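J.:
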Amino acid sequence: MSDVYSFGVVLLEFLTGRKSLDKSRPVRQQTLTDWAAPLLTQKKKFLSIVDPRLGGDYPEKAVQKMAMLAYHCLDRNPKARPLMRDIVESLEPLQESVEVPISSISESAACD
């Protein structure tokens, strides 16, 4: 179940563009999960954590589903976290709804 929690952290990193631990941020924002998890379930606030470098160019419903999936993966009770097969089933429709050209992924990776 720690793998599921770790996957939730990776989803948060993906959504926010932030590292899981960033000492350069204000104290309350240094640990990604502590900062972001409370905002994931609030429909009007979860968009505030999305990576601003995306410039609002993303399907909001897909991001909301990813945010909720991350929230469930980060549940403090390991038994309440989803199984990996359920996570995969949740992500498959999102993959189909969002087509990202391979060239943009390669260009983004080259910049990092």
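Heads up: the sequence shown runs through residues 1 to 112, numbered per full-length UniProt numbering.
Where is the CB? At the ideal position from N, CA and C, for every residue including glycine.
Bear in mind the structure is a predicted one, so any value in this text is a computation, not a measurement.
Is the beta carbon of V4 closer than 9 Å to that of R81?
T.: Contact check for R81 against V4 passes: the beta carbons are separated by less than 9 Å.
J.: Per DSSP, what kind of secondary structure is L94 in: helix, strand or coil?
T.: helix
J.: Please say whether D51 and L15 have beta carbons closer to each other than 9 Å?
T.: yes
J.: Can you name, in chain order, every residue of its own chain whose Cβ lies under 6 Å from the Cβ of D75, other than the five neighbours on each side?
T.: R81
J.: Can you tell me whether T33 is helix, strand or coil according to DSSP?
T.: helix
J.: With 16 other CB atoms within 10 Å as the buried threshold, where does G55 fall?
T.: exposed
J.: I need the straight-line Cα distance from V9 to A67, nearest angstrom please.
T.: 11 Å
J.: With DSSP run on the structure shown, which of helix, strand or coil describes L40?
T.: coil
J.: Identify the residues that DSSP records as bridge partners of L21: which are they?
T.: T31
J.: Might you give, ordered along the chain, the residues of its own chain that have their beta carbon closer than 6 Å to the beta carbon of P93, omitting 5 neighbours on each side?
T.: none
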